[in-house]
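Asker:
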Amino acid sequence: MRNLIKIASIGALAVAMTACGKNKTGTETPGGGGGGGGGGGGGPSGPAPAEASKEAKKDFAEAVKTYNAAKSDGKLSGDECERVAGNFQKVYKTHGVQMALAQFNSGVVYEECGQTDKAEGIYAQLISQAPKFDLAYNNLGVIYWKKGQESKALDMFKKGVEANKLSARAARNNVAGLLRNQYVSNSDINAFNEAEKSIQGVLALDSGNQAAYENLARIYYDRGHSKDKSYLVLANLVVTQGVRVLKNEGRESADLYNIQGLLLLERQDQVNALKAFKEAVRVEPNHVEANLNIGFISIRFRDYATAEKSFEIALKDSRQAKNTEAHLALGVAQRGLKKFKEAEASYNKALKLNASDPRPLYNLGVLYQDHISTQDNVDTAQNEKLINVAKGHYNKFIEAVKSDKKWSQQVLLAKDRIATIDETIAFNRVSEEMMKKAKELEAQAKKQEEEERKRLLELEKQAEAAEAAGSAPAPAAGAAPAGGATPPK
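Per mature numbering (1 follows the signal peptide of the UniProt record, and there is no 0), the sequence shown runs over residues -21 to -1, 1 to 468.
(1) Please report the straight-line C-alpha distance between residue 361 and residue 414, rounded to a whole angstrom.
(2) Taking 7 Å as the limit between beta carbons, can you name the residues of its chain near residue 258, skipping five residues before and five after?
(3) Any idea what DSSP makes of residue 60, helix, strand or coil?
(4) Once DSSP output is grouped into helix, strand and coil, what is the label at residue 247?
(5) In whole angstroms, give me the CA-to-CA distance for residue 448 and residue 430.
(6) Does residue 357 come out as helix, strand or coil in the three-state DSSP assignment?
(7) Taking its Cβ as the centre, do 16 or more other Cβ atoms sit within 10 Å of residue 91, making it buried, or is it exposed?
(8) Consult DSSP for residue 110 and reduce its assignment to one of helix, strand or coil.
(9) Taking the straight line between their C-alpha atoms, what separation do you get for residue 12 and residue 380?
(10) Contact defined as beta carbons within less than 8 Å: I believe residue 155 pairs with residue 177. What is the distance between those atoms, to the nearest angstrom?
(11) Under 6 Å Cβ to Cβ from residue 147, same chain only, skipping five residues before and after it: list those, please.
(12) Tell me whether residue 232 sits in a helix, a strand or coil according to DSSP, three-state version.
(13) What residue ranges within the segment 384 to 415 form continuous alpha helix (DSSP H) runs of no fewer than 4 residues, ordered along the chain?
(14) Please look up how many angstroms separate the CB atoms of residue 159 and residue 194, rounded, as I've assumed it's under 8 Å.
(15) Put residue 280 into one of helix, strand or coil per three-state DSSP.
(16) Between the beta-carbon of residue 369 and the beta-carbon of residue 347, is there less than 8 Å?
(17) Rounded to a whole number of angstroms, what is the C-alpha to C-alpha distance between residue 424 and residue 444?
(18) Under 8 Å, do residue 200 and residue 244 count as touching if we go by C-beta distance?
(19) Does any heavy atom of the ligand HEM sit closer than 7 Å to the C-beta of residue 168?
(20) Just to confirm, is the Cβ distance from residue 300 to residue 271 under 8 Å?
(21) Looking at C-alpha atoms only, which residue of 220, 166 and 295 is the closest neighbour of residue 204?
(22) According to the neighbour-count rule (16 or more other Cβ atoms, all chains shown, within 10 Å of its Cβ), is residue 356 buried or exposed?
(23) Excluding the five sequence neighbours on either side, which residues of its own chain have a C-beta within less than 7 Å of the C-beta of residue 181, listed in chain order?
(24) If you reduce the DSSP assignment to three classes, tell me which class residue 145 lands in.
(25) Using the C-alpha atoms, what's the distance from residue 183 back to residue 1?
(26) Could you compute how far the alpha carbon of residue 312 sits from the alpha carbon of residue 305?
(27) Taking only three categories from DSSP, how would you classify residue 553?
(28) Just the Cα atoms here: how many angstroms apart are residue 278 and residue 71?
(29) Is the beta carbon of residue 83 closer than 8 Å to that of residue 484?
(30) Considering only residues of the same chain and omitting the five flanking positions on each side of residue 234, which have a CB-CB separation below 6 Å?
(31) When the Cα of residue 408 is compared with those of 186, 375, 316 and 363, which residue comes out closest?
(32) Please list, in chain order, all residues of the same chain as residue 342 whose beta carbon is under 7 Å from its beta carbon, the five residues on each side excluded.
(33) Could you check the C-alpha separation between residue 418 and residue 349 for me, to the nearest Å?
(34) From the DSSP output, in three-state form, read off residue 339 for me.
(35) Provide the residue span of the alpha helix (DSSP H) that contains residue 38, from first to last.
Set out below in structure tokens:
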């Protein structure tokens, strides 16, 4: 699994007062990438922030102080957003283009508060008023990128690079990101070459730029994975170099660990790949791609609990909402944990996301046939009902794929399963008939046994009566007959 290259957005306030200072904070949310160092102005647009007046710097520092105080509880409320952004705008209004950085920060505040439309307007205005301020181009480009307007985004990023060639590192990284996507989509070698050149330009300016190492490793991996395997060697070299450089600066990159895992998978080393992906989530617990990779490998190892946890984390990311593969795999993990209701819901979610994908139907059939219907508390009648549900899913699967040869093997398996279901039901009917006859024979045997018992009892009574009669004493000689008659003389 491979996601979009990371968007390099300036997601934290730019507070540096030097024009070309090296970004010391590494990547920043959202998406990371490092900034242009607060670079701005110059030329007809006014002086750079480093050349701002003492009063401007003082007012700017007060605005930053207000932001930090409002953010002390970890977030900005609606009222705080307006107040903090307004303070930065006031600095810009008072001191003009020399404080382009303050106006830029008001846009960043609005982005942080989820008010992207306001931020977009501020960046667009700032580009017009301070055309040499590269950060505004970058963040406006990021907004376009997130909207899916990649052509406009690429144009903004390139203009950001032109505005400040010596310090527009975020914009350079984003140029590479969009061009990398073009290369992956259509194998455009020119896009690859331009992306590579753009990233190398970032590293020439900043040898410790984290996003540059991540992006360069990624495009080398993409090319090596799809076509030229020699680029996998280059990707590994970049990962190794990037990890070492960042470690020396007390930093780590989840993306680099993730790419390291992908490279190990290329060598069929799933055990060490899993370790690398786990390193990625140690650094960044919600890293989407690493969690997906952990999930898929864990299913192969039948570690369903880990797989379920990883997929659930990954699917919380809005970009994965329509990831059919992830929902299917989550269903498999839940099935393995005997969470059958949850598994069914995951399969149905995958089916809803892509009705043309027949795999959820087949998996639903397996779920009902092999798992739900075989539970200990399911009797024969319930079993038949459940396996008929499975049969319905298999028939829908066969109908969905029709004559598509890609699914020919799975169609045979589905038909075999339907045959097994039919045989099971037929066997049940035979078993029922046999049970019925067995019960009839048992009843008949019991009846005969009872009749025989009664006959024997009757014979026994007769025998007892006969025995009783045969054992009575004989009358004495000369005894008078009954009735008092006198015997003849």
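We treat Cβ as the ideally placed atom computed from N, Cα and C, and that holds for glycine. If you're wondering where the values come from, they're calculated on a predicted model, not measured in any experiment.
Answerer: In short, the structure shows the following:
(1) 18 Å
(2) 236
(3) helix
(4) coil
(5) 27 Å
(6) coil
(7) buried
(8) coil
(9) Low local confidence applies: a pLDDT of 34 at residue 12 is under 50, so the model's placement there is unreliable, with the coordinate-based value given in what follows. Answer to the nearest angstrom: the Cα atoms are 44 Å apart.
(10) 4 Å
(11) 15, 113, 139 and 140
(12) coil
(13) none
(14) 7 Å
(15) coil
(16) yes
(17) 30 Å
(18) no
(19) No copy of the ligand HEM occurs in the structure displayed, which carries no ligand at all.
(20) no
(21) 166
(22) exposed
(23) 148, 151, 152, 188 and 191
(24) coil
(25) Low confidence applies to residue 1: its pLDDT is 29, below 50, so where it sits in the model is not reliable, and the reading given next is rough at best. Distance between the alpha carbons of residue 1 and residue 183 is about 12 Å.
(26) 10 Å
(27) Outside the shown range of the chain (-21 to 468) lies residue 553, about which nothing can therefore be said.
(28) 55 Å
(29) One cannot answer for residue 484 here, as it falls past the ends of the chain, which runs -21 to 468.
(30) 193
(31) 363
(32) 307, 310 and 326
(33) 31 Å
(34) helix
(35) 33 to 49
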